[in-house]
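Asker: Taking numbering that gives the first Met the number 0, the leading residue of the sequence shown gets 0, the next gets one more, and so forth.
I have a structure I would like to understand better, so I am pasting it below and will then ask my questions one at a time.
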Amino acid sequence: MSPQALFVSQPPVVAIFGVVVLVAVLVASLFLLVLFTRPKVSQWHDTMRVCRTKRCLEYARRLRNTLNTSLNPCESFTHFVCDGWRRRNRLSVREEAFLGVVRKLSSLLLSVPVPSTGQAPLQRAAAFYRSCDDVLQGRADELRKVKRALLDAGIMWPRLPKDSNRSDLLSTWFHASIRLHWSPLLHVMLQQDPNVTTVALEPLSDFERILLKHKGLEGSDHEAKVYFEELRREFLANREHDNGKKDNTTVTFTITKQLVETHLNPLGDAFESTQLFDRGLDTAFMFRMVPGLTKQRWLQELDYYLGNSERDVAFVSEKPRFVRAFMGLWRLHGEDQMHLFFSWCIVQTAALFANQKLLLNFHT
Numbered sequence: 000m001s002p003q004a005l006f007v008s009q010p011p012v013v014a015i016f017g018v019v020v021l022v023a024v025l026v027a028s029l030f031l032l033v034l035f036t037r038p039k040v041s042q043w044h045d046t047m048r049v050c051r052t053k054r055c056l057e058y059a060r061r062l063r064n065t066l067n068t069s070l071n072p073c074e075s076f077t078h079f080v081c082d083g084w085r086r087r088n089r090l091s092v093r094e095e096a097f098l099g100v101v102r103k104l105s106s107l108l109l110s111v112p113v114p115s116t117g118q119a120p121l122q123r124a125a126a127f128y129r130s131c132d133d134v135l136q137g138r139a140d141e142l143r144k145v146k147r148a149l150l151d152a153g154i155m156w157p158r159l160p161k162d163s164n165r166s167d168l169l170s171t172w173f174h175a176s177i178r179l180h181w182s183p184l185l186h187v188m189l190q191q192d193p194n195v196t197t198v199a200l201e202p203l204s205d206f207e208r209i210l211l212k213h214k215g216l217e218g219s220d221h222e223a224k225v226y227f228e229e230l231r232r233e234f235l236a237n238r239e240h241d242n243g244k245k246d247n248t249t250v251t252f253t254i255t256k257q258l259v260e261t262h263l264n265p266l267g268d269a270f271e272s273t274q275l276f277d278r279g280l281d282t283a284f285m286f287r288m289v290p291g292l293t294k295q296r297w298l299q300e301l302d303y304y305l306g307n308s309e310r311d312v313a314f315v316s317e318k319p320r321f322v323r324a325f326m327g328l329w330r331l332h333g334e335d336q337m338h339l340f341f342s343w344c345i346v347q348t349a350a351l352f353a354n355q356k357l358l359l360n361f362h363t
């Protein structure tokens, strides 16, 4: 029997009810169809809209450029993904991103107006950045100021101290770290509490930079000597005793080469140590480790910066093995020799703030 005959043969009420049910089923089916297909259609339209934006097209272009489609990704996925980038770019993606941030910061700091007085923190940061940028670009030469700052710390490099001038490494060390913020070996941070003064000693990036520099010079006495002579010539210039002749009272390349072997390399070993357990620093050890470096000298130096030395002292460090190696070298070689080594290291750090010639000397 056909559907038409069925409806004809049924009573009117039943036929009407059947029509209503059929319409309801059709409407419900249509509703479900729209409900489940609309998100996908909407998502497709959204995707099409996003992928037509300038950013999306640029991203797609760069993504295509990174691929090496001549390779099978199942055989070498890394080369498939990265060969295109490596072929077209000298730096990695992370390095490119880092340089991008540096450029933005540079643009910001160069655009900030800096008054001569009453500077806000951002303005002080901008002034400092511009002074460094001026040195880097060769627009400024701060060597005289750098040498004067070092002299205030008791550093006359490359001049050797006379026998009558006793070296005071503790005073030089604290002044350089706390006043000048140059810490080629150990950075000093002081914290004063009601009952104790905490002395934190940490090797920072200044030391690591010097260590890597001299590792790069290993095996090439010629390059190492060129590096040394440039520093010696610049820091010796305009000295009242410099008459252009050989001066036996100044540091020689042979001396600095020996300092690298006897001082820098052992400290480098301690710095790179991966020893898991370390017993930390003991205050009594720090007070008695080096002959002449007494508790009284420590307290006198702390009193100069903090005042009121009538309190306990605690030494702390995240690299106590490095600190003990530093103190051990001081004990082994004596204060004059250690002061000479410290001077050689801090000059290499300070040179980076002096002029363009010394910057290039370090980085080439």
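Yeah, the Cβ is synthetic: ideal placement off N, Cα and C, and Gly gets one too.
Select from N360, Q347 and S342 the residue whose C-alpha is nearest the C-alpha of P160.
Answerer: The residue with the shortest Cα to Cα distance from P160 is S342.
Asker: Taking 8 Å as the CB-CB limit, is D132 close to chain B?
Answerer: Here chain B cannot be found, since the structure has a single protein chain.
Asker: Locate the alpha helix (DSSP H) running through Y347, then write down its first and last residues.
Answerer: Looking at the sequence shown, residue 347 is not Tyr but Gln. Element bounds for Q347: E334 to A349.
Asker: Using the Cα positions of M155 and L149, report the straight-line distance between them to the nearest angstrom.
Answerer: Rounded to the nearest angstrom, the two C-alpha atoms are 7 Å apart.
Asker: Quick check: what's the CA-CA separation for D192 versus V315?
Answerer: Each residue's Cα considered, the two are about 14 Å apart.
Asker: Does the distance from the CB of L200 to the CB of E300 come in under 8 Å?
Answerer: No.
Asker: Taking only runs that begin and end inside the region 52–130, name each unbroken alpha helix (DSSP H) of 4 or more residues, in chain order.
Answerer: The qualifying runs are 53–65, 76–87 and 92–110.
Asker: For D132 versus N354, is the C-beta spacing smaller than 8 Å?
Answerer: No, these two residues do not count as a Cβ contact at 8 Å.
Asker: Can you tell me the Cα-Cα spacing of D268 and A324, whole angstroms?
Answerer: Those two C-alpha atoms are separated by around 9 Å.
Asker: By Cβ distance, which residues of its chain are closer than 8 Å to K224, with the 5 residues on each side in sequence left out?
Answerer: These residues qualify, in order along the chain: F252.
Asker: Please state if the CB of I209 and the CB of C344 are separated by a distance shorter than 8 Å.
Answerer: Yes, they are a contact pair.
Asker: What would DSSP say about R231, mapped onto helix, strand or coil?
Answerer: Helix at R231.
Asker: For the region 127–195, list the beta strand (DSSP E) runs that are entirely contained and at least 3 residues long, ordered along the chain.
Answerer: Fully enclosed beta strand (DSSP E) runs of 3 or longer: 186–191.
Asker: Can you name, in chain order, every residue of its own chain whose Cβ lies under 6 Å from the Cβ of R165, other than the five neighbours on each side?
Answerer: Excluding sequence neighbours, R165 sits near nothing in its chain.
Asker: Rounded to the nearest angstrom, what separates D220 and S106 at their Cα positions?
Answerer: Cα-Cα distance, rounded: 41 Å.
Asker: Put L331 into one of helix, strand or coil per three-state DSSP.
Answerer: Helix at L331.
Asker: Taking just the CA atoms, how far does T77 sit from E95?
Answerer: Cα to Cα, E95 sits roughly 19 Å from T77.
Asker: So the candidates are N360, L104, L263 and I254; which of them puts its Cα closest to the Cα of W329?
Answerer: Taking only the C-alpha atoms, the option nearest W329 is L263.
Asker: What does D311 pair with, by DSSP beta-bridge criteria?
Answerer: Its beta-bridge partners are V195.
Asker: Per DSSP, what are the beta-bridge partners of L203 in this structure?
Answerer: Beta-bridge pairing links L203 to no other residue.
Asker: According to DSSP, is A353 part of a helix, a strand, or is it coil?
Answerer: If DSSP states are grouped into helix, strand and coil, A353 belongs with coil.
Asker: Going by DSSP, what residues sit across from T249 in a beta bridge?
Answerer: Looking at the DSSP assignment, T249 forms a beta bridge with R158.
Asker: Here's the rule: buried if 16 or more other CB atoms are within 10 angstroms of the residue's CB, otherwise exposed. What is L108?
Answerer: Answer is buried; the Cβ neighbour count reaches 16.
Asker: Measure the alpha-carbon distance for P114 versus L357 and round it to whole angstroms.
Answerer: Their backbone Cα atoms lie some 30 Å apart in a straight line.
Asker: How long is the line joining the alpha carbons of E207 and M337, rounded to whole angstroms?
Answerer: Rounded to the nearest angstrom, the two C-alpha atoms are 18 Å apart.
Asker: Alpha helix (DSSP H) containing A283: first to last residue?
Answerer: Counting along the chain, the alpha helix (DSSP H) containing A283 begins and ends at T282 to R287.
Asker: Rounding to the nearest angstrom, what Cα-Cα distance links H332 and S91 in this structure?
Answerer: In a straight line, the C-alpha of H332 is about 45 Å away from that of S91.
Asker: So, are the CB atoms of V322 and L185 less than 8 Å apart?
Answerer: Against a cut-off of 8 Å, the Cβ pair of L185 and V322 comes out as a contact.
Asker: For K318, which three-state DSSP category applies?
Answerer: Coil.
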